[in-house]
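Here is the structure we will look at, set down as structure tokens.
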Amino acid sequence: DIGADELNPAGVRRVNLDTLTKEETASWRCGETLLLSGKMLTARDAAHKRMVELIDAGKPLPVDLRGRVIYYVGPVRAVRNEVVGPAGPTTSSRLDDFTDKVLAETGLFAMVGKAERGPAAIASIVRHKTPYLAAVGGAAYLISKSIKAARIVAFEDLGMEAIYEFDVQDMPVIMAVDVEGNSIHNSGPFEWRKRMAADSIARNIGV
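In our numbering, the protein residues as written are 522 to 728.
Written out as structure tokens, the structure reads:
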């Protein structure tokens, strides 16, 4: 029994964001592919800066982040019948300075972005048991097709950097940093070199 998640025949884990638990996120492992469905929030630099300012001032946030997944994105305005325009991930290291405060104070369950995280952010991921997922960089249009509904829920004055709530279906992500601090950006190249070396040896001995 794997609970609310289920593995499809290809070994990809399907995740229901609306029933997510800390126990489920702790079971995700570095390098695993997930398909996310359900409601997630968005926030980029300006929204994070404002959230931290509110936290430091002892004021409530305009949206409850407890148990939620946040996607580092500032979606482009929709045209014609689109739900949103291109919605590719923001480089996540831009949010590293805000990560520990946000994780410590909000009860966030997971983060989605692009590229690697710095050592301090990874330490925060381990400390607060809040994993980091990597969306597909350079595929903003394709990602937008997995977004079935979108609405602004906070900081509307920030324009494309407002906090949105997305309703997504089968949004593909890679488990980039798990709750034990394992990072695909460290293990991935190592595993690739190891596989290439094994293939080279096999060719040389005629296997």
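All C-beta atoms, glycine included, are put in the ideal place defined by N, C-alpha and C. Bear in mind that the values here come from a model prediction, so they are computed numbers and not experimental data.
Query, Result
"Host beta strand (DSSP E) of F676 (start-end)", "Taken as a continuous stretch (DSSP letters only), F676 belongs to no beta strand (DSSP E), as it is neither H nor E."
"Counted within 10 angstroms of its Cβ, other Cβ atoms place I673 as buried (16 or more) or exposed", "exposed"
"Collapsed DSSP secondary structure at V647 in the structure displayed", "helix"
"Unbroken alpha helix (DSSP H) run spanning S665, endpoints", "A661 to K666"
"Exposure of A578, with buried meaning 16 or more beta-carbon neighbours within 10 Å", "exposed"
"Same chain, Cβ closer than 6 Å to D621, five either side skipped, listed in chain order", "S645"
"Any 3 or more C-beta pairs closer than 8 Å across the stretch 555–564 and the stretch 676–696", "yes"
"The stretch 627–640 / the stretch 665–672 touching (three or more Cβ pairs under 8 Å)", "no"
"Short Cβ contact (8 Å threshold) for K570 with L538", "no"
"Backbone secondary structure at F687 - three-state DSSP", "strand"
"Close Cβ partners of T730 (< 6 Å) along its chain, the five nearest in sequence each way excluded", "Residue 730 is absent from the structure shown; the chain starts at 522 and stops at 728."
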